[in-house]
Each structure stands twice: as structure tokens, then as C-alpha cells.
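**Student:** Mind looking over this structure? Questions follow.
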């Protein structure tokens, strides 16, 4: 079968489409989506801060000091809660920003800025600030939050983190000995605004006798040379799922989607996707107390219907979510050294002449550096496709993917669609994105509907300056301040890492490790990666080099505004 191309008619701007798609959901859908209390949910999980600058602060409560607990509660009530950014805050700001950008013919309004602020707590912190017997309800072995109770440091070896060197928890920059108590995220368009917010928090602590100690502070920043790209050079953060749900526009009765919809109603997948390729998931997979994915995954009609809204935890955990924070250093020269050497080795095989390190990188990541899915462009990068949000996530692996019909006129995106690749000839079975988000492919745990119960919403930002020469180690500390959200750390984040990324065989039958984020349990830390050759044989390449090294982190709970006011700060 050959790739299919379609004529691209002129589409409205992405800003115009977003404005139209967030307002007034179509009434005729296969199922009713739940009401989401966007005024009670902290904002980063559902919609993301999406700011070019983001600071992280970790704080610990003084041990065995009742006055410190009391003053921490007062600090939360007076200095934190009034500034917490809700999901509605983010949605409204983004709508205003898009309206102004549309009026300015696509030019960004530089005077429109926002400060985003969220806070989360470890199990130990909640045990100090909330009734201990209530906090204990988070812990239910085999069901929910075993990981949350014990914290990231005690799960480090379970994640196959290094036992020695900078990646060993004893050498972490935060969270090595114990999970930090509190994590604060402050994002904005300007670093000066973030610093002002931090100064206010610090001054508030001083006025109350410093009941909390700041144990970590770091600023992350979006790359200015390649906005949206991580330090290896690849466009990042475009594969998240979208949460289902609606809410009422403030001051009106007009319903809006939490996740905007872009597919024309004539497309049979219009109620399954937001952006093309952005799978819609029931919000209970990230926000507690809302409908989850249906437990009946064998019947597609049932699998797409809402499941249970139950969760393990105290009643006040409703509208909360769990946060994983990982500080990950990226060794850019080692990454590209592997790509260059592996490409040269593979180029010696029949039919592989001219195979480059860029092509090898695309096979390892699942995308070319521009964001173009290798499944849609097997031979070369296509930056136009890679930068197009209506196209760069629209692909599957197993089946013949029909073009998406886009609003408002039913146009397609105009780029070639991918061919079915069940054996991983074009996109290797162990490539990063294919490993952690198998899409339409069956896996060791079942079908594509089983996969939907293990996905995460990824956030975070880069830290450190971009490297000038990817082949030369300049000694600069750079990497990713990784954040993800989920309803269960055990069944989502940890499952993806331990069961799939770190496994040389799962989720598919073989293929090797996820070379980007996977970690080997072998003593020599060796990871392997299978590449299909044109003659039908498979070549395995290996390395013991670490490209992504954990250097800190923690597990946290992000409470609702109600829980902050009525329980944690009370």
C-alpha cells in the first residue's frame, strides 16, 4: 500500500479554530461528558501552565514542632491559597490571549502576561497538616498509592535508577534522603514576575518565624533558539491525551469543553479525539472523583463509555491529582555519539546507504527533530508537518489510518498518512513514543483500551542553556524538570517506566528498551534497541551510556482548592 496525499485547502488560523472549538459543545454525541469543576481544580494538570519560565521550590516542615504546623497553615491561608491558579484561570487567560492574537493577525500580544501558581504535598506533609487517619485512606496496597505513601526515594531502585554515581539517590539535588514535603510551581512569561511571587512567599515565611525550610529552588526555561524542543533537539510535549468534560463559561450558561475539539462531525472519530491524534480520556484517569475509563475493554462500544468515579482516599481528595516530579539531566553528547556510531554501523548493511544520525534519532524517539512522526515521513524530516498541530500527532501504528476531517469544512491536513507498521519496520517497536503510548496496537496487557488506563499527562520544562555543539561535552548541567499527573502513581507513571520503558520485551514482543527514558536492571546498565533492515533481518545496537540521569524528585498530591481551604490550611 502506498502513502496517500490530499489537497490542502486554506485552513483558518489555529487561534480562530481554538476559539471556535472551546465554545458550545455539539449536543449530539454518543455519550454525555461530565461536568468538571474548573474553579476547584489546580490548573496545571488539566490544561498546563504553558509558560516560557517555570520555577520549582521544595520546602520541608520543621519536625515535631506544633507551632511550625500552625504557622504553616497560616502561611498557606494567607500567602498561598489566594494565589493558586485554577483550571478556569488558565482557560480564560488563554482565550483572552488568543482573541488578542487573532485581532493582531497572529502577532503575540507581549503586554498580556499571567503568573501561574500551584502547590502539592507529600504523604508525610499531609500527615502533619491533615487528620492522619484521613491521610491513611490514600494507602491501599495493590489498589492505589503505595508509591505515594513511601515516596520517590524509596521507589528509586524499583525504577531502576542507578545505584552509584550522580543518578544514585544519595547524590540527588533534592529528595535523595526523603521525599520533600511541599512542592511549589510558579510559571510566567517573565522571570521578574516569578521572582516577585517567590519573594512574597519567602517574606510571608519570615513574618511567621520560618516554619518551613526551602530545600530546593530552580528555574526552568523554554529554549529560545528552538522553542518547544528539549535538549536532544526534538520537539516535545505534543503527545498528551486530552481530558473529557465540560464546564460552564463564567457568567453564562454556555458549555465549553475542557479539551477543545477540532474534528468535523462527519468524521466517525470526532468524539474520540480533540486535536487529530489526541485521544480523549475520561477525566478520572487524572482527576480523582470523576469518571474513569470503562473497565469493560473488550467491547469497543462499552470501552468508550464512562466508567466508575470511585477512588481510594479521603473524601476531600476529590478534584485532586497525583504529581510526579523528576529532575533529569540530559547528556547530549553521549546521545548523539550513539546516534552517529549506530547510524554508521547500520549504513554498512544492504539498502541502508546514506543512513544518518538524524534518521537514527528519529527511529529512537519515534519523531524527527521537528516533531514530524517517522510513521508519516519515513525517509526525511518535514518541518512543515512537524510544526502543524493539526498533523504532528495524527498517526497510529497498527492499522490503516484514514485522514482526519477537520472543522469547519471537513478538510484533511494535506500531508501523507502513514502506512500500517505492525512489525516496527519504519518506527521500531521500542522507540520512545511507541513504547509509552502504543496507541492502536495491542500490548502485553491487552488492547488499546487497556492502554488508556495507564497514560499520564506530561508537563515540565527544560533547565540549563542549550548546547552549542552536540558532539562536544561543555560541562554544563542541562536537562528536563519533568512533571506528570495521574490518578495513580503506581498504575500510571510507575507502570509506564517499570513495565514498559525499562523492559526489553514489553509492551510488544521484543524490540529492546526505551533508549530515551528506559533504565536497565543489568549490572552493566546495558540497553538494547532493535532496528529492522530492508532485507528483513534485525540489527540490535547496544550501549551502556546513560543519556538521561535522575538527579532528584518526589511524589506529591495536588489538592483541590476546597481541600486546601477546609482541611490542609484549617
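In our numbering, the protein residues as written are 67 to 636. Idealized CB from N, CA, C, for every residue including glycine.
Of all the alpha helix (DSSP H) runs that stay within the bounds of the region 123 to 166, which reach a length of 4 or more residues?
**Tutor:** 132 to 141
**Student:** Quick check: residue 620 and residue 306, are their CB atoms within less than 8 Å of each other?
**Tutor:** no
**Student:** Give the straight-line distance between the Cα atoms of residue 483 and residue 343, rounded to the nearest whole angstrom.
**Tutor:** Each residue's CA atom was taken as its position, placing residue 483 and residue 343 some 12 Å apart.
**Student:** Return the CA-CA distance between residue 238 and residue 232, expressed in angstroms with no decimal places.
**Tutor:** 7 Å
**Student:** Would you kindly report the start and end of the unbroken alpha helix (DSSP H) that includes residue 200?
**Tutor:** 198 to 201
**Student:** Look up residue 452 in the DSSP assignment and say whether it is helix, strand or coil.
**Tutor:** helix
**Student:** Do the region 110 to 130 and the region 278 to 297 make contact, defined as three or more Cβ pairs closer than 8 Å?
**Tutor:** yes
**Student:** Note the first and the last residue of the continuous beta strand (DSSP E) segment covering residue 596.
**Tutor:** 593 to 598
**Student:** Taking the straight line between their C-alpha atoms, what separation do you get for residue 593 and residue 397?
**Tutor:** The alpha-carbon atoms of residue 593 and residue 397 are separated by roughly 16 Å.
**Student:** In three-state terms, what does DSSP make of residue 327?
**Tutor:** coil
**Student:** Assuming residue 175 and residue 163 make a contact with CB atoms under 8 Å, what is their CB distance in whole Å?
**Tutor:** 7 Å
**Student:** Just curious, the alpha helix (DSSP H) that residue 271 is in, first and last residue?
**Tutor:** 257 to 273
**Student:** Does the region 410 to 427 come close enough to the region 594 to 610 that 3 or more CB-CB pairs lie under 8 Å?
**Tutor:** yes
**Student:** So, does the region 295 to 305 touch the region 321 to 330, judging by three or more C-beta pairs under 8 Å?
**Tutor:** no
**Student:** Taking contact to mean 3 or more Cβ pairs, one atom from each stretch, closer than 8 Å, check whether the region 253 to 265 and the region 486 to 497 are in contact.
**Tutor:** With the cut-off at 8 Å, the region 253 to 265 and the region 486 to 497 do not touch.
**Student:** Per DSSP, residue 493 forms a beta bridge with which residues?
**Tutor:** The bridge partners DSSP lists for residue 493 come to none.
**Student:** One question on the structure: do residue 274 and residue 97 come within less than 8 Å of each other, judged by their Cβ atoms?
**Tutor:** no
**Student:** Out of 573, 613, 565 and 556, point me to the one whose CA is closest to residue 536's CA.
**Tutor:** 613
**Student:** Please return the same chain residues whose Cβ sits closer than 7 Å to the Cβ of residue 332, not counting the five positions on each side in sequence.
**Tutor:** 471 and 476
**Student:** Quick check on residue 99: buried or exposed, where buried means 16 or more other Cβ atoms within 10 Å of its Cβ?
**Tutor:** It is buried - the Cβ of residue 99 has at least 16 other Cβ atoms within 10 Å.
**Student:** Within the region 475 to 525, note down every full alpha helix (DSSP H) run reaching 4 residues or more, in order along the chain.
**Tutor:** With a minimum length of 4 residues, the continuous alpha helix (DSSP H) runs that stay inside the region 475 to 525 are 498 to 502 and 514 to 517.
**Student:** Taking all protein chains shown into account, decide if residue 172 is buried (16 or more other Cβ within 10 angstroms of its Cβ) or exposed.
**Tutor:** exposed
**Student:** Counting only runs that start and end within the region 318 to 391, where is the beta strand (DSSP E) found for 3 or more residues in a row?
**Tutor:** Runs of the beta strand (DSSP E) inside the region 318 to 391: 321 to 323.
**Student:** For residue 375, which of 553, 223 and 450 has the nearest alpha-carbon?
**Tutor:** 553
**Student:** Taking 8 Å as the threshold (C-beta atoms), are residue 300 and residue 203 in contact?
**Tutor:** Not in contact: residue 203 and residue 300 (Cβ atoms no closer than 8 Å).
**Student:** Which one or two residues does DSSP pair with residue 101 in a beta bridge?
**Tutor:** 312
**Student:** Check the C-beta distance from residue 373 over to residue 358 and give it rounded, since I have them as a contact under 8 Å.
**Tutor:** 5 Å
**Student:** Please determine, among 568, 467, 282 and 431, the residue with the shortest C-alpha to C-alpha distance to residue 481.
**Tutor:** 467
**Student:** I'd like to confirm the pairing. Which residues does DSSP put opposite residue 551 in its beta bridges?
**Tutor:** 389 and 523
**Student:** Using the C-alpha atoms, what's the distance from residue 526 back to residue 453?
**Tutor:** 20 Å
**Student:** When the Cα atoms are used, what is the spatial distance from residue 637 to residue 567?
**Tutor:** In the structure as shown, the chain begins at 67 and stops at 636. Residue 637 is therefore absent and cannot be evaluated.
**Student:** Distance, Cα to Cα, residue 87 vs residue 545?
**Tutor:** At residue 87 the pLDDT is 49, less than 50, meaning the model places this residue with poor confidence and gives no usable figure here.
**Student:** Where does residue 487 land, buried or exposed, given buried means 16+ other C-beta within 10 angstroms?
**Tutor:** The C-beta of residue 487 has 16 or more other C-beta atoms within 10 Å across all chains shown, which makes the residue buried.
**Student:** Quick one: what's residue 614 bridged to in DSSP?
**Tutor:** 396
**Student:** Ignore the nearest five residues each way along the sequence and tell me which others in residue 631's own chain have a CB closer than 7 Å to its CB.
**Tutor:** Counting only Cβ-Cβ distances below 7 Å, and skipping sequence neighbours, we find 147.
**Student:** Across the region 559 to 566 and the region 426 to 443, are there enough close Cβ pairs to call them in contact, namely three or more that are closer than 8 Å?
**Tutor:** no
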